[in-house]
Ligand code: PBG
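In the working numbering, the protein residues as written are 279 to 615.
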């Protein structure tokens with residue numbers, strides 16, 4: 279154990295807390311705008327901001343508004359933005375083929391944002407759920423999510439997104455073997471510098487609820503006669519931690535540059551284990567449900583939003599995260615400003 283404490287009364291830990299300057303001087307974990315990845319939803323309509331009811335204070339941005347937001351990120355010192363698309367329902371089908379459209383919403387938004395703020399890194403999800411009418415991250419065959427067929431589409435999706443200007447591709451689909459396939463596909467297409475942030479340890483979670491509204495995700499369990507009503511055959515069981523390390527080990531072996539643990543606040547133990555075991559740049563995702571919970575309690579006057587935001591984000595770092603994907607990024611950056 280590296281910490282040492284003496285005995286009272288010669289030792290008085292409160293000496294180190296007696297005022298602000300000494301607390302600042304001895305603080306172990308510092309949060310800064312450099313730690314933030316702004317989670318942002320875009321849509322292909324004209325309206326600049328379409329509010330998301332379950333996530334007050336966020337909105338689906340038009341491409342134009344997303345470009346302006348990218349400039350704002352640059353001013354606030356936020357290094358990167360993670361873009362999530364709300365796809366027009368008419369463009370969705372069982373194959374999710376809109377994911378491969380080089381002139382689709384994701385690619386259009388990425389180009390506009392890159393153009394507006396070249397110095398801000400852009401990250402995009404690799405997964406099919408925004409594009410499928412059944413709402414799953416992969417292809418549905420006879421009521422099952424078909425792993426290897428899905429991977430082929432994900433590789434194409436990652437290449438299309440990279441061509442548009444995305445610098446980090448983030449497979450969030452939880453298919454087995456997709457990181458290696460995406461790495462090989464990117465390399466073969468000449469994109470050996472594209473970063474892969476693997477959603478390596480992603481749990482099947484009720485914390486994603488508001489996100490489904492935000493991106494207008496297809497309703498799981500509906501439509502197709504054999505449409506599983508949840509994602510538990512591919513996302514992880516929240517009772518497990520060793521499984522997370524096995525998932526991460528595979529993704530590292532397959533070429534992941536950065537790792538993501540998701541959801542966030544209820545999974546800090548996973549962040550710590552992953553960071554300790556692998557030492558790769560490791561991120562936590564403060565997901566939609568976490569955002570909604572903080573907003574709802576704050577709206578009722580039950581908690582202090584600003585203090586909770588900084589406290590939770592600092593907790594991720596203290597647990598070992600190198601950064602946090604969060605819808606609160608602009609708010610936090612302003613508070614830290
Ligand atoms: C889907 C994806 C999800 C989120 C990011 N990518 C939802 C899911 O896996 O069901 C959740 C984000 C959030 O809740 O903020 N590939």
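Just so you know, even glycine gets a beta-carbon here, dropped at the ideal spot from N, CA and C. Keep in mind it's a predicted model, so treat the numbers as computed, not measured.
When 572, 596, 363, 560 are compared, the shortest CA-CA separation from residue 585 is found for 572.
Per DSSP, residue 349 is one residue of the alpha helix (DSSP H) stretching across 341-354. CA-CA distance, residue 364 to residue 305, rounds to 40 Å. A distance criterion of 7 Å places the beta-carbon of residue 481 beyond contact range of the ligand PBG, judged by its closest non-hydrogen atom. Remark: C-beta atoms of residue 434 and residue 378 approach each other more closely than 8 Å. Residue range 520-531 is occupied by the alpha helix (DSSP H) that includes residue 528. In the DSSP assignment, residue 422 is bridged to 419. A check of alpha carbon separations from residue 508 across 579, 482, 528 identifies 482 as the nearest.
Below 8 Å, enough C-beta pairs join the stretch 317-324 and the stretch 380-395 to call them touching: three or more. In this structure, the alpha-carbon of residue 296 lies about 14 Å from that of residue 289. In the three-state scheme derived from DSSP, where H, G and I count as helix and E and B as strand, residue 561 is classed as strand. For the 8 Å CB-CB criterion, residue 436 and residue 473 do not form a contact. In this structure, the CA atom of residue 590 is about 35 Å from the CA atom of residue 500. Residue 553 is positioned such that its CB atom lies no closer than 8 Å to that of residue 477.
In this structure, the C-beta of residue 567 approaches the ligand PBG to less than 7 Å from one of its heavy atoms.
In the three-state scheme derived from DSSP, where H, G and I count as helix and E and B as strand, residue 290 is classed as coil.
The C-alpha of residue 577 is placed about 40 Å away from the C-alpha of residue 375.
For residue 566, the enclosing alpha helix (DSSP H) has its first and last residue at 566-577. Residue 493 holds the alpha-carbon nearest to the alpha-carbon of residue 414 among 342, 389, 493. Within the chosen limit of 7 Å, the ligand PBG does not reach the beta carbon of residue 582 with any heavy atom.
Residue 498 sits close to residue 506, with the two beta carbons spaced by under 8 Å. Secondary structure note for residue 404: its beta strand (DSSP E) is the uninterrupted segment 399-404. A heavy atom of the ligand PBG is found nearer than 7 Å to the CB of residue 509. Non-local C-beta neighbours of residue 316 in its own chain, meaning closer than 6 Å and more than five positions away in sequence, comprise 351, 356, 359, 607, ordered along the chain. Residue range 327-329 is occupied by the beta strand (DSSP E) that includes residue 327.
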